[in-house]
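Asks: My questions all concern the structure below.
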Amino acid sequence: MMKTKKWAISIGLAAGMIAGSIFFTPSVMKASEEVILASVDWVTSQLSPIKSDIASLKAKVEAQQKEIDRLKQQLANQPSTPTLPSTVYVAKNNVAIRSGASTNYKVIAYKNAGDSLKVIDSFTSSQGLWYRVELSSTLKGWVYSGDVSTSRINNNTQKTVSTTDRVDIRKGATTSYPVIATVERGTSLVFIQSFTNSQKEVWYNVQLSNGQRGWMPAKFGEVK
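Numbering of the sequence shown is given in the numbering used here, commencing with residue 1 and proceeding in unit increments.
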C-alpha cells in the first residue's frame, strides 16, 4: 500500500513539472528575448554616434592629408634659390649699373662686354634677379642678371677710340655742352657710337675708364 502511494506521488510530481514546463516556459523565454533585444537596441544606439564621429574624423584626416600633399607639391615645384656667384662678367656693351635693383633707378656707371664685377648681394624684384656689385671701395650698384654671365666673356670685338690729341669730353655732341673730362693724347676710350650733328660735325660717343659717358669730336680720335 505504501509503495502504491509513493508511485502516485512521483507520478503527480512528474505531471506537475511537465505541466509547468508547458504553461510557464514560453513566457519566461519571451521575457528573456525581449531583454536581449532591448540590450541590442541600447548598444546600437550608443554605437551610432561613435560611428558617426569616426566617419567625420576620417573625412577630416583625409582632407588634411590632401592639403599636405598639395603643399608638398607646391614646394617641389618652387625654383631653388640660386647660389650667389662671387664674380659676374658683363655679357654685352653699354650695360647700365644702377643705384637700385630696378630700371627705375638712375644709372651710376656703364660697363662693357668682358668687364668683371664683384658680387656682394642679390635681390629679386618684379623685373627679375639683380646682383649688387662693387665698383670701388666706396661705390656699389646693381646690375640685371640678364646682362651678365657667371663665366668669362671674350671681349675681342670691343671697339675703342684712341685719342690723337688732348681733347675735351663733353655732355653732348657740340662745343656748346659743358666739359665733363679732359683726356691726354693716346688715351684709349670705349667706342659706343658716332653721331653727325646739325653742323655736319662727326662726334664719337665714348666711355671713360670710370664708366662715365661723353662726346668728343671724331677728328681727335681713331676707332680701332
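Each residue gets a CB set at the ideal place from its N, CA and C atoms; glycine is no exception.
With distance defined between alpha-carbon atoms, name the residue in Gly146, Glu184, Ala63, Glu62 nearest to alanine 113.
Replies: For the purposes of this step, residue 113 is identified with residue 113 of the sequence shown, where counting begins at 1. Answer by Cα proximity: Gly146.
Asks: How many angstroms separate the CA atom of leucine 57 from the CA atom of leucine 129?
Replies: Against the sequence shown, residue 57 aligns to sequence position 57. Against the sequence shown, residue 129 aligns to sequence position 129. Distance between the alpha carbons of leucine 57 and leucine 129: 46 Å.
Asks: On the three-state DSSP scale, how would you describe leucine 135?
Replies: Numbered from 1 along the sequence shown, position 135 holds the residue referred to as residue 135. Three-state result, leucine 135: coil.
Asks: Taking glutamate 222 as part of the beta strand (DSSP E), name the residues at either end of that continuous run.
Replies: In the sequence shown, the residue the question calls residue 222 occupies position 222. Start and end: 221 to 223.
Asks: Straight-line CA distance for valine 190 to arginine 70?
Replies: Mapped onto the sequence shown, residue 190 falls at position 190. Mapped onto the sequence shown, residue 70 falls at position 70. Near 54 Å, if we compare the C-alpha coordinates of arginine 70 and valine 190.
Asks: So for proline 178, helix, strand or coil by DSSP?
Replies: In the sequence shown, the residue the question calls residue 178 occupies position 178. Coil.
Asks: Using a 10 Å radius around the Cβ and a threshold of 16 neighbouring Cβ atoms, would you call glycine 186 buried or exposed?
Replies: Translated into positions along the sequence shown, residue 186 becomes position 186. Label assigned to glycine 186: exposed.
Asks: Check the C-beta distance from isoleucine 120 over to valine 107 and give it rounded, since I have them as a contact under 8 Å.
Replies: Start at 1 with the first residue of the sequence shown, and residue 120 comes out as number 120. Start at 1 with the first residue of the sequence shown, and residue 107 comes out as number 107. Rounded, the Cβ-Cβ distance is 19 Å, inconsistent with contact.
Asks: Taking 7 Å as the cut-off, does the CB of phenylalanine 123 come closer than this to any heavy atom belonging to the ligand HEM?
Replies: The ligand HEM is absent from the structure shown, which contains no ligands of any kind.
Asks: Taking DSSP as the reference, what is the three-state secondary structure of glutamine 158?
Replies: For the purposes of this step, residue 158 is taken as the residue at position 158 of the sequence shown. Looking at glutamine 158 - three-state DSSP - the assignment turns out to be coil, as it is neither helix nor strand.
Asks: May I have the straight-line CA-CA distance separating phenylalanine 220 from serine 116, to the nearest angstrom?
Replies: What you label residue 220 is simply residue 220 of the sequence shown in a count that begins at 1. What you label residue 116 is simply residue 116 of the sequence shown in a count that begins at 1. Approximately 29 Å between the Cα atoms of the pair.
Asks: Would you call arginine 152 buried or exposed, if buried means 16 or more other Cβ atoms sit within 10 Å of its Cβ?
Replies: Residue 152 sits at position 152 when you count from the first residue of the sequence shown. That one is exposed.
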